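So the sequence lines, in the order shown, correspond to chains A and B. Per the numbering used here, the first sequence starts with residue 17, numbered consecutively. Per the numbering used here, the second sequence starts with residue 30, numbered consecutively. Using N, Cα and C, we set each Cβ at its ideal position, and we do this for glycine too. For clarity, every value in this text was computed on a predicted model and none was experimentally measured.
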Amino acid sequence: MYFKLALNNIKKSYKDYLIYFLTITFGICLFYLFNSLESQKAMMVLDPLKAVALTMLNKSLSYVSFFMTVVLAFLMVYANQFLIKRRKKEIGIYMTLGMERRKISFILVLETLIIGFISLFAGLILGILGSHFLSIITAKMFEVEMKEFQFIFSKVAFNKAIINFSVIYGLMMILNIFNITKVKLIDLLLASKKQQDLKIKGKFISILIFMVSLITLGVSYAFIIKNGMMSFDKYFKWSIVLGLIGTLLFFMSLSGILMDIFQSNKKFYLRNLNMFSLRQISSKVNSTYIMISILTILLLIAFGTFSTGMGIVSVVENNQSKSLPMAMTLSQWVDSDSVPLDNKINMDEIGDYVKMLIYPSDIQLNELSKHTELLDETQADLIKNYSIEVMAESTYNAYAKMMKLDLIELNHEYVMITNMEEMMNIYKKGLSDITFNNEVLSPKNMLNMSLQNEFMAANPGLIILPDELVEPLEPSLELYNFKTLNHSIDDVNRMLKPHRINSYFLILIKDEIVAQNLGLRTIIAYVAIYIGLVFIMSCVVSLALQQLTEASDNIERYQLLRKLGVENKMIKHSLLVQISVYFFMPLSLAIVHSIVGIKVSSSVVNILGRIDILSNMLVTSLFAMLIYGSYFIITYVASSSIVLKNR
Amino acid sequence: MKPVLKVEQLEKYYGSKGTITKAVDGISFEIVEGEFVGIMGASGSGKTTLLNCVSTIDKATSGKIILRDQELTSIKSRKLAAFRRNELGFIFQDFNLLDTLTGFENIALALTILKENPVSIQEKVGAMAKQLNIEHILEKFPFQMSGGEKQRVASARAMITNPSLILADEPTGALDSKSARQLLESFQHLNERLKATIMMVTHDAFTASYCHRIIFIKDGKIFNELIRGTKQRKAFFNDIMEVLTFLGGDVDVL
Numbered sequence: 017m018y019f020k021l022a023l024n025n026i027k028k029s030y031k032d033y034l035i036y037f038l039t040i041t042f043g044i045c046l047f048y049l050f051n052s053l054e055s056q057k058a059m060m061v062l063d064p065l066k067a068v069a070l071t072m073l074n075k076s077l078s079y080v081s082f083f084m085t086v087v088l089a090f091l092m093v094y095a096n097q098f099l100i101k102r103r104k105k106e107i108g109i110y111m112t113l114g115m116e117r118r119k120i121s122f123i124l125v126l127e128t129l130i131i132g133f134i135s136l137f138a139g140l141i142l143g144i145l146g147s148h149f150l151s152i153i154t155a156k157m158f159e160v161e162m163k164e165f166q167f168i169f170s171k172v173a174f175n176k177a178i179i180n181f182s183v184i185y186g187l188m189m190i191l192n193i194f195n196i197t198k199v200k201l202i203d204l205l206l207a208s209k210k211q212q213d214l215k216i217k218g219k220f221i222s223i224l225i226f227m228v229s230l231i232t233l234g235v236s237y238a239f240i241i242k243n244g245m246m247s248f249d250k251y252f253k254w255s256i257v258l259g260l261i262g263t264l265l266f267f268m269s270l271s272g273i274l275m276d277i278f279q280s281n282k283k284f285y286l287r288n289l290n291m292f293s294l295r296q297i298s299s300k301v302n303s304t305y306i307m308i309s310i311l312t313i314l315l316l317i318a319f320g321t322f323s324t325g326m327g328i329v330s331v332v333e334n335n336q337s338k339s340l341p342m343a344m345t346l347s348q349w350v351d352s353d354s355v356p357l358d359n360k361i362n363m364d365e366i367g368d369y370v371k372m373l374i375y376p377s378d379i380q381l382n383e384l385s386k387h388t389e390l391l392d393e394t395q396a397d398l399i400k401n402y403s404i405e406v407m408a409e410s411t412y413n414a415y416a417k418m419m420k421l422d423l424i425e426l427n428h429e430y431v432m433i434t435n436m437e438e439m440m441n442i443y444k445k446g447l448s449d450i451t452f453n454n455e456v457l458s459p460k461n462m463l464n465m466s467l468q469n470e471f472m473a474a475n476p477g478l479i480i481l482p483d484e485l486v487e488p489l490e491p492s493l494e495l496y497n498f499k500t501l502n503h504s505i506d507d508v509n510r511m512l513k514p515h516r517i518n519s520y521f522l523i524l525i526k527d528e529i530v531a532q533n534l535g536l537r538t539i540i541a542y543v544a545i546y547i548g549l550v551f552i553m554s555c556v557v558s559l560a561l562q563q564l565t566e567a568s569d570n571i572e573r574y575q576l577l578r579k580l581g582v583e584n585k586m587i588k589h590s591l592l593v594q595i596s597v598y599f600f601m602p603l604s605l606a607i608v609h610s611i612v613g614i615k616v617s618s619s620v621v622n623i624l625g626r627i628d629i630l631s632n633m634l635v636t637s638l639f640a641m642l643i644y645g646s647y648f649i650i651t652y653v654a655s656s657s658i659v660l661k662n663r
Numbered sequence: 030m031k032p033v034l035k036v037e038q039l040e041k042y043y044g045s046k047g048t049i050t051k052a053v054d055g056i057s058f059e060i061v062e063g064e065f066v067g068i069m070g071a072s073g074s075g076k077t078t079l080l081n082c083v084s085t086i087d088k089a090t091s092g093k094i095i096l097r098d099q100e101l102t103s104i105k106s107r108k109l110a111a112f113r114r115n116e117l118g119f120i121f122q123d124f125n126l127l128d129t130l131t132g133f134e135n136i137a138l139a140l141t142i143l144k145e146n147p148v149s150i151q152e153k154v155g156a157m158a159k160q161l162n163i164e165h166i167l168e169k170f171p172f173q174m175s176g177g178e179k180q181r182v183a184s185a186r187a188m189i190t191n192p193s194l195i196l197a198d199e200p201t202g203a204l205d206s207k208s209a210r211q212l213l214e215s216f217q218h219l220n221e222r223l224k225a226t227i228m229m230v231t232h233d234a235f236t237a238s239y240c241h242r243i244i245f246i247k248d249g250k251i252f253n254e255l256i257r258g259t260k261q262r263k264a265f266f267n268d269i270m271e272v273l274t275f276l277g278g279d280v281d282v283l
């Protein structure tokens, strides 16, 4: 009997349940996606060092997933509270009819169970499909074919989702029972009559607060630009603190300011339902400005992480081909007791290679170029006092011959090689002559290329000198660059392994690095994008729920408007205006915040490589708009159906 | 004089097949321009149903309601909202002011939804406020007003569009006797000076004594009709009381 009652309740108020259902389903879907990533790590090729890093990352991932669960739990409880609030009167009537609190709780528990079961099921199916889809997208993003990145059903994620959400449902049920047993009957029956108090502030005070908020935000922006997001110094801290205060003050004074502006324009204010809509918005903002400020900050974090994630993806993509010209590079630091590697290892057996020796020099970068001030502060600090490395003309030519590049011929000249765009730009502005062993050399040309495999393109400068000038020097580094390998990666690693016992040298195999970069950075990017999405989701869901509660609380106001002869079209328009303002107010300030933030943080990401801020912003906003837009439409449709219910 | 409202053989049934309740059972009457008519009856007599039918909030089962030559039952539901805001003014027992709007805005709302010119809106609201003596509360919010003030604001809202008919549903129901008297005096004022036609539903004899004519309803039918004529209000009040005792008398019949 109770089961039937619960089922009927859900059927009867499916529209109220829709947003709740969607929230939970979407939440479970995201949760599954995130956790299924852990089981996809099997695809990654790992050396011991990376394995440690990955374990650490996994650990932080589990924190994130815990954090996720908490956020989702809050959302679900919020959604649940909304439902209960909407049905207070119904519950009150059950109670006046003499139904025991225990039984009412039981009905609510059953309802939650039914909805929970359906949404869990729907969410998991969506999650499994989604993880397949995401793998394809991720593989596409990195422009790499990855056989291992396939459709995987993650048992871990599946179980985790079921366990976590069962716990949340359990908590929610306890909360509901607690709510029902605690609440007073009179409050349930009179829930809709509650009058909301209005804060009325003086015109002058609200203008003053508004000005202060703008100034505070301006100072906060100035601080973060000065800080450059490079260190957690006092500027950074103050920027965050002032940003928070400014946002809060902004929304605190906004409604007063807007009311003043619109009220003074009588033509606008006294048209249709404009003044009703404005009053609704202003009273809403007045009573929820703290929540709006929090949402703004959440959205800011979401945009920040999301676009940084996108940034990392594109950095990885751009860098890879450039920093990995060889199939394999072996490198060893040379000191007094090191034995050249080709004395121990039969290099010809491994593949087609060139041996290259690199020499140190006393020449500093800022002697070569006067334009280091073009770099931003941090880069300049790192690079200014960098001592340039040196290589012999014949060594380069051997390399060039193997790589089928143009050979060079030096005549009291030198050639500059770098693989960093920003250094190239500086060198293009002009290079100075240098004096080496009393011989004056002039710059011949500059090459933008990598000479060996690196984790990322980070060679600020190396010069090629005539052989006779290099000969007396002691090499500091020996490189063995393999164009091709005769054996599989596993076999090569096996052949090299015994020699690593006595000496330390670096093995940089292109395919391995690609796979590693992919593995780790995919996760970093994925986590960033994921957190971004979840934050945006949480914000939008809270906004939607707020609006829906609002609509159901204000049902009498709208009924009155209809009695007075306001057409449904006009009411819907007023609702649209209210919901739009409420949805896009935090969004717009968050966008302003994040334009500043992303502009600053992109210079940090830029050190890793050039990124296309605009396209990242576009992708970010596209995703945000998609989520935002769909929730906006759902909220609008649901609100108007609540408000225009019965006749 | 020309009738503003004409109700002919109005019937309103509730329920289905076997259990039909005749809330309004063949009522006919007329209200002419500038008349202040009261509808009285015990609860359940059908007076609120009658009001709801006239105000187009509810639909009659059969019969005709003609307001200014317009047959209400033939208006398409799409056009009902427009009809309400153009031809009718409402005053409710519980004021029904929008608590987020000031007094001025509550009154102006009736005009803004008619898409009136903003300049004339301000003038009209000002003039109406003067008539009803509520100029001092125009900038206040409903929660800052007393019950009587709220009801006078609501009356101003109902009057400002110059409607063909003002429908008042127990307007003094939530007021103390002093506020009720003030409000009814305003009604009288509006009725005499501005020629407003008012149809007021009430069960209170004192409130009803301000009317020109009173229609008594019992079990969905017209039971009696009293016309004040040139009588003093006090005499009229006594007449009303007499009918009411008569009305309630049949309880003893059992």
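- Taking the beta carbon of residue 288 of chain A as reference, the chain B residues within 9 Å of it are 141, 142, 144, listed in sequence order.
- C-alpha of residue 552 of chain A to C-alpha of residue 92 of chain A: approximately 15 Å in a straight line.
- For residue 200 of chain B, the closest Cβ of chain A is not nearer than 8 Å.
- In terms of Cβ geometry, residue 192 of chain A and residue 124 of chain A form a close pair [threshold 8 Å].
- The alpha-carbon of residue 79 of chain B is positioned some 13 Å away from that of residue 101 of chain B.
- Within the segment 291 to 306 of chain A, contact with chain B at the beta-carbon level (separation under 7 Å) is assigned to 291, 292, 295, 296, 299.
- Closest by C-alpha distance to residue 581 of chain A, out of B:186, B:44, B:103, is B:186.
- Close partners of residue 582 of chain A in chain B (Cβ separation under 8 Å): 110, 114, 142.
- By the C-beta criterion, the segment 510 to 529 of chain A is judged not to be in contact with the segment 369 to 387 of chain A, since fewer than 3 inter-stretch pairs fall below 8 Å.
- Bounds of any beta strand (DSSP E) do not take in residue 583 of chain A, whose DSSP letter is neither H nor E.
- At the C-beta level, residue 280 of chain A and residue 255 of chain A stay beyond 8 Å of one another.
- Inclusion of residue 154 of chain B and residue 189 of chain B in the CB contact set at 8 Å is warranted, their separation being smaller than that value.
- Under DSSP, residue 93 of chain B takes part in a beta bridge, and its partners are B:37.
- Take the alpha-carbon of residue 455 of chain A and the one of residue 489 of chain A: they are about 15 Å apart.
- The three-state secondary structure of residue 118 of chain B, taken from DSSP, is strand.
- Counting only Cβ-Cβ distances below 7 Å, residue 125 of chain B has contacts in chain A at 576, in chain order.
- When B:99, B:167, B:172, B:272 are compared, the shortest CA-CA separation from residue 237 of chain B is found for B:272.
- Under the three-pair Cβ rule at 8 Å, the segment 37 to 46 of chain A counts as touching the segment 122 to 140 of chain A.
- Residues of chain B whose Cβ lies closer than 7 Å to the Cβ of residue 573 of chain A are, in chain order, 127.
- Relative to the Cα of residue 49 of chain B, the nearest Cα in the group B:41, B:55, B:56 belongs to B:41.
- One finds 282, 286 in chain A with Cβ atoms closer than 9 Å to the Cβ of residue 150 of chain B, taken in chain order.
- In chain order, 186, 189, 190 place their CB closer than 6 Å to the CB of residue 139 of chain B, counting only its own chain and leaving out the 5 sequence neighbours on each side.
- In terms of beta-carbon proximity, residue 137 of chain B lines the interface with chain A, with at least one pair separated by less than 8 Å.
- The Cβ atoms of residue 285 of chain A and residue 278 of chain A lie closer than 8 Å to each other.
- Between residue 446 of chain A and residue 381 of chain A a beta carbon distance of about 14 Å is seen, past the 8 Å cut, so the two are scored as non-contacting.
- Residues of the segment 166 to 190 of chain B that bring their beta carbon within less than 7 Å of a beta carbon in chain A comprise 170, 172, in sequence order.
- DSSP places residue 373 of chain A inside the beta strand (DSSP E), whose first and last residues are 367 to 374.
- Taking C-beta atoms as the reference points, residue 486 of chain A and residue 408 of chain A count as a pair closer than 8 Å.
- The beta carbon of residue 586 of chain A falls within 8 Å of a beta carbon belonging to chain B, placing the residue at that interface.
- With the criterion set as a beta carbon lying under 9 Å from some beta carbon of chain B, the segment 98 to 115 of chain A has no members that meet it.
- Residue 204 of chain B sits in coil when the DSSP states are folded into three classes, being neither helix nor strand.
- For residue 475 of chain A, no beta strand (DSSP E) encloses it, and the DSSP letter there is neither H nor E.
- For residue 579 of chain A, the neighbours in chain B by C-beta distance under 9 Å run, in chain order, 84, 86, 113, 119, 121, 125.
- Taking a Cβ-Cβ cut-off of 8 Å, residue 255 of chain B has no neighbours in chain A, whose nearest Cβ is about 30 Å from it.
- At a Cβ-Cβ threshold of 8 Å, residue 269 of chain A and residue 298 of chain A do not count as neighbours.
- Counting of Cβ neighbours within 10 angstroms places residue 81 of chain B among the buried residues, the total reaching 16 or more.
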